[in-house]
Amino acid sequence: MPEFQEKCRVSAIEQLASDVFRLTVHAPLIAGAAHPGQFVMVRVVDGFDPLLRRPFSIHQQFAGGSLKLLFKVIGQGTHILSGLAAGDTISLLGPLGRGFDLACREPVCLIGGGMGIAPLAFLAKRLALSGRDSSLDFVLLGARDGDEVSSLADDFSQLGYTVVPATDDGSLGHHGFIPELLDDVLPAVSRVYSCGPYPMMRTVVAKCQKADVVCQVSLETHMACGLGACLGCTVQGNSGQYVHVCKQGPVFYSGEVAWTE
Amino acid sequence: MPEFQEKCRVSAIEQLASDVFRLTVHAPLIAGAAHPGQFVMVRVVDGFDPLLRRPFSIHQQFAGGSLKLLFKVIGQGTHILSGLAAGDTISLLGPLGRGFDLACREPVCLIGGGMGIAPLAFLAKRLALSGRDSSLDFVLLGARDGDEVSSLADDFSQLGYTVVPATDDGSLGHHGFIPELLDDVLPAVSRVYSCGPYPMMRTVVAKCQKADVVCQVSLETHMACGLGACLGCTVQGNSGQYVHVCKQGPVFYSGEVAWTE
Amino acid sequence: MDRIIPDNECDLRVNIGRLRLRNPVMTASGTFGYAREFSNLVNLHRLGGIVVKGISLEARPGNPPPRVVETACGMLNAIGLENVGVERFITEKVPFLRNLDCPVVVNILGDSVEEYQQIAHRLNEVDGISALEVNISCPNVKKGGVAFGTVPEMAARVTAAVRKATSLPVIIKLSPNVTDIVQMARAVEEAGADCVSLVNTLIGMAIDPQTRRPKLANVIGGLSGPAIKPVALRMVWQVASNVSIPVIGIGGITTASDALEFLLAGATAIQVGTANFYEPRAAEQIIAGLKNYLHEQKELSICDIIGTVQTG
Amino acid sequence: MDRIIPDNECDLRVNIGRLRLRNPVMTASGTFGYAREFSNLVNLHRLGGIVVKGISLEARPGNPPPRVVETACGMLNAIGLENVGVERFITEKVPFLRNLDCPVVVNILGDSVEEYQQIAHRLNEVDGISALEVNISCPNVKKGGVAFGTVPEMAARVTAAVRKATSLPVIIKLSPNVTDIVQMARAVEEAGADCVSLVNTLIGMAIDPQTRRPKLANVIGGLSGPAIKPVALRMVWQVASNVSIPVIGIGGITTASDALEFLLAGATAIQVGTANFYEPRAAEQIIAGLKNYLHEQKELSICDIIGTVQTG
Ligand SMILES: Cc1cc2nc3c(=O)[nH]c(=O)nc-3n(C[C@H](O)[C@H](O)[C@H](O)COP(=O)(O)OP(=O)(O)OC[C@H]3O[C@@H](n4cnc5c(N)ncnc54)[C@H](O)[C@@H]3O)c2cc1C
Ligand SMILES: Cc1cc2nc3c(=O)[nH]c(=O)nc-3n(C[C@H](O)[C@H](O)[C@H](O)COP(=O)(O)OP(=O)(O)OC[C@H]3O[C@@H](n4cnc5c(N)ncnc54)[C@H](O)[C@@H]3O)c2cc1C
Ligand SMILES: Cc1cc2nc3c(=O)[nH]c(=O)nc-3n(C[C@H](O)[C@H](O)[C@H](O)COP(=O)(O)O)c2cc1C
Ligand SMILES: Cc1cc2nc3c(=O)[nH]c(=O)nc-3n(C[C@H](O)[C@H](O)[C@H](O)COP(=O)(O)O)c2cc1C
Ligand code: FES
Ligand code: FES
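Protein chains in written order, with our numbering: chain P, 22 to 282; chain S, 22 to 282; chain E, 209 to 520; chain F, 209 to 520.
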């Protein structure tokens, strides 16, 4: 699978909520090869502080060669990224890792929590373009509040999906957590794609298992290289061995990894 | 002597030549206490790379609380400074060190080479405001080419000084080095203020000594603190001992320091 | 970070043996001059303690320049222990220091065990000094220049000599340039040290490819700053887990979070070094940050967090 | 930096004993996987050499996560020597490596002298391997876990055993966590090493004040990256000045200027480690930069600059 290192020009940065930003960069080589669920490693400064690249899911991809990243400000790296302006350049490495398996003709459900929503937008677009009836597909989106999720929810609605938001403060959609919505949806779908906080995904996986619905999850771990070289990004696999998120993932079938408390 | 640490708002940045910039910041406490020849220590990033503050002479000072710094892009720190935009904030420490001695009523000559011109602008303004006849005072400015020095030369002319530029490429004023101009000027002045590359100043000092003209020079050394604490900024003094540029200087009477090849 | 919490809400006091500090935040030797240098910028009376620049029996001129060079997230220095000597220190510096409402620790150094002992003895009579910190990273001239701090027996000998010469608390400052830091700490503990502080600088070097010369006139120098923090923290944790005397943590500390790492690892106090250069208010900001942390963690005293890192 | 100078204009070739490199720029063990991981991003055939991830006799699962944490201008890793074991290495990795037009060095590790010897022996018969690099920073299980690389006698024993078991050039990779790196280098030189490479990682630690837990599951880990460059360079200079065998410099090298510092200090070649993660093209950029430097300095061969730092 091709991978590229590209110096990319920032073409836009939008602030979606107080600490949530969406960055558009021109990265034709990476965009041309990208598959939903894959990620990029971003170098945020020319200097050495911070030193390591940051992993971000490919949020959206456009035929013209643009990519969008969706991110929340967590620490130094994302803080610096949030200060970028159109015209700045950053270095991207990608597309990396194993993405979602799209070979499913039956109705599906996309479940995103917080910034886990990022890869689902690209996934939703690819699925919708494959000639399915998206109105039978569900998108469950969890967020802190309406601010964080409303414009993202619109992106999915425009593709024809049935979108159900859930917010911690009840300011939009369901007041509470995503998994609470799942019982109603699971009987209607034959596959779940999920990305979000670990506890959310653990519950989603348990419910899918019970309902016998295939579930793919996208995992996060600390990564030094993103290329399978450092062996730093391990999580516990299903049968005692370690798996490497950057290469064998970030998207796994739920049964490939161990789910712990 | 008062010293302050101020978070300063950048109000303007001008590009004077391909690698020469002039930065205007609002630093009312430092500006209020500044004396010509003093300097500030600038922290160029919030992170740790580069780690140390950079020393810059106070180039201009305004009653409203603004300061200007004049700098050339040398390495990482000045490169980052050159990318600042109005509205950004940086941390300044100052005013630091011992400046020029202004107690001279006779005609004087200011000699600046390259970025050594920076502190002379502030000095020239203070001198001019002290009610002297500036047309009897000389300003000799050395630079690579006319681009680098022309707008700076205007600043001095406007204060009434007799300005003589010299450029390495002959594109403005005298074609050659500053010290070559000095023989004509020295008989007419009783004090020289100089800042610039070490070889230039060494020649200036030698000529002044011969002509029995008092000479003050502003020196550069690598500095970690600028406060007299690290003892890193030594140069050889006149009688074997070391002197600390940040505290006993950066401005010295030429006889206070040793002049070596 | 900067929100001020009333002092009575949480207790930052710590004891280094007999030495009582109002908070665990000190400034490190050689990075804070003789304190006066920072008096315009820092409220000295709020500090937990001040360690002054290393003092020797006789004044020393130090090394030729260049003496400092920046490195990635750090700096190298080869000051060469420039100082005014103990007599001028007493007449010129102590009067200012004595009037501070803050414990003053004098960092001492020497070429031989005798020199350490003599200077300790001389300072013992001086009013206004709360403790001695012994820099054993210096070369032992009689042993061909091997640093006292790299040989357990030599470190123990210096410790015992200083211990005998003074009634002040004795802090031995350890060098990180050793295979086994715990062995060094144990040696000086047994020899009578009241406390160990660590780390001093790591030995490093930088070269300018254009001139093909070392960037420091002295060729090698001491590496300090955030770059060394992980190494310093590891050593502090190892030492604190293996000695009974209090430990002072030093190395790259800039923020309250950095300081907390060392306290959690077992340090009773910390020293802020290179950070004083790029962030003169670092020590004050750390003090404020420690208060906030106690508040957030609902702990009453900083002592309740010292050494509580969960490594199990 | 990126301007390409025709290869015939300047000569970057160096020899590590019998091992001939087209240029002195290698990639460091554990930071370049088994090379294939970088084949999309780097022209592997241009490299001076590739050192693969450390291999042990049996496969090792490595440490539990978290295994990596970023620090100021550096990173800590506690991978725990995860690797596929020598047999799978030979069947799964060597076929790809063998086809590279670039010397491949296999980094080996063990729990005991016998293990080192056995793996060296096993690899001796394998086609496509140009040299062995012996990681002696591993704990000696029979000696209570003391690292082989911290005791001269133990390091010498490993060296002699590997030397006996293979006809390949033997590079001993030194640990920087020692008081006297020259003593270590001399010990392995005498025991038959063809070359020393240094440094491996410095032992460090990081703690999360919020959870009060170490940031690495293994508590301590190895510090690498630009932060350690000054320490690595100092050690390379000390070793190169005191042994006769060639030295490979490692530690924080990212740019041609960094590489030149090590070459000037006396290294015959260098390895790029952590930089491969944040700048995968670092090694290629360094090769281009070295050519430019020779050009600017009007030198014909890189050998003419090795060890030429002016410290006098
Ligand atoms: C495959 C993958 C895809 C991701 N996609 C997105 C996305 O689309 N949008 C988004 O907002 N975030 C995403 N993340 C998380 C994102 O990488 C972190 O929020 C980011 O690295 C934090 O960097 P920082 O410097 O701001 O934080 P700091 O906490 O200062 O970072 C310190 C170190 O920890 C690492 N780190 C911190 N948090 C995480 C985390 N959650 N996961 C992995 N490493 C972390 C950083 O990379 C860095 O090395 C993804 C993570 C992975 C592994
Ligand atoms: C008192 C004083 C006043 C100065 N005034 C001015 C001024 O008004 N305008 C101007 O352009 N320059 C001035 N300089 C020089 C200026 O400080 C350096 O050009 C600047 O620090 C270079 O930083 P850098 O990160 O771009 O370069 P780098 O080479 O990357 O810096 C690496 C390190 O070397 C130090 N350094 C590099 N060059 C110098 C130098 N010439 N003097 C001191 N330290 C240096 C840096 O501070 C830093 O610590 C002054 C220096 C001093 C000591
Ligand atoms: C410029 C400078 C001078 C120093 N001088 C001394 C000294 O005289 N005595 C001493 O024991 N330590 C000295 N040190 C070491 C510091 O006290 C401290 O141990 C070291 O810098 C590590 O801490 P840091 O990373 O916070 O700076 C000096 C450090 C620097 C940077
Ligand atoms: C993630 C990681 C894994 C490593 N694994 C090995 C290894 O298996 N064997 C070895 O000898 N060194 C290993 N090292 C050490 C490097 O080869 C190198 O010596 C060290 O990182 C210093 O160089 P650097 O600062 O350029 O990274 C590893 C380093 C890192 C960062
Ligand atoms: S991040 Fe380096 S192997 Fe996965
Ligand atoms: S720069 Fe620190 S003493 Fe002068």
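C-beta: ideal position from N, C-alpha, C; glycine also.
Distance, residue j Cα to residue i Cα
i: Gly191/P; j: Ile287/F; result: 43 Å
i: Gly460/E; j: Pro71/S; result: 14 Å
i: Ala84/S; j: Pro434/F; result: 44 Å
i: Phe273/S; j: Glu323/E; result: 36 Å
i: Val378/F; j: Val260/F; result: 15 Å
i: Cys130/P; j: Val160/P; result: 6 Å
i: Ile415/F; j: Lys423/F; result: 5 Å
i: Lys506/F; j: Ile513/F; result: 11 Å
i: Ala483/F; j: Gly238/F; result: 12 Å
Best match in the options for proximity to residue i [C-alpha to C-alpha]
i: Gln179/S; options: Val272/S, Gln59/S, Val238/S and Ala142/S; result: Ala142/S
i: Glu169/P; options: Gln26/P, Ser39/P, Cys29/P and Gly98/P; result: Ser39/P
i: Glu398/F; options: Ala364/F, Pro488/F, Pro454/F and Leu284/F; result: Ala364/F
i: Gly258/S; options: Val278/S, Cys246/S, Leu37/S and Gly120/S; result: Val278/S
i: Arg226/E; options: Ser338/E, Gly429/E and Thr235/E; result: Ser338/E
i: Cys14/S; options: Lys499/E, Val292/E, Ser320/E and Pro273/E; result: Nothing about residue 14/S can be read from this structure; chain S reaches only from 22 to 282.
i: Gly474/E; options: Trp445/E, Thr463/E, Val451/E and Lys499/E; result: Trp445/E
i: His195/P; options: His47/P, Asp166/P, Ala145/P and Pro208/P; result: Asp166/P
Residue i at chain F interface by Cβ criterion, 7 Å
i: Asp176/S; result: no
i: Gly172/E; result: In this structure chain E extends from 209 to 520, so residue 172/E is not present and cannot be described.
i: Cys281/E; result: yes
i: His12/P; result: Examination of residue 12/P is not possible in this model, given that chain P is present from 22 through 282 alone.
i: Pro422/E; result: yes
DSSP three-state assignment for residue i, whether helix, strand or coil
i: Tyr214/S; result: strand
i: Gln418/E; result: coil
i: Asn315/F; result: strand
i: Asp204/S; result: helix
i: Lys89/P; result: strand
i: Ala164/S; result: strand
i: Pro186/S; result: strand
i: Asp219/E; result: strand
i: Met209/E; result: Note that Met209/E scores 43 on pLDDT, short of 50, meaning its location in the model is unreliable and no value can be drawn from it.
i: His56/P; result: coil
Chain P within 7 Å of residue i, Cβ atoms only
i: Met209/F; result: Confidence in Met209/F is poor, its pLDDT being 43 and thus under 50, which makes the residue's placement unreliable; the coordinate value appears in the next sentence. By this cut-off, Met209/F is not an interface position.
i: Arg226/F; result: no
Close-in-space but distant-in-sequence residues of the same chain around residue i (CB under 6 Å, 5 per side omitted)
i: Pro347/F; result: Gly353 and Ala355
i: Asp109/P; result: Val31
i: Ser103/S; result: Phe42 and Val94
i: Ser345/E; result: Ala355, Gly357, Ser383 and Asn408
CB contact check: residue i to chain S, cutoff 7 Å
i: Gly68/P; result: yes
i: Phe240/E; result: yes
Residues of its chain near residue i, where Cβ-Cβ distance is below 8 Å and the 5 sequence neighbours each way are ignored
i: Leu308/E; result: Ala243, Leu252, His253 and Ile258
Cβ neighbours of residue i in the same chain (closer than 7 Å, five flanking residues each side left out)
i: Arg330/E; result: Val294
i: Gly256/E; result: Leu229, Arg230, Asn231, Pro232, Val233, Met234 and Ala477
Min CB distance residue i to chain E below 7 Å
i: Glu24/S; result: yes
i: Leu431/F; result: yes
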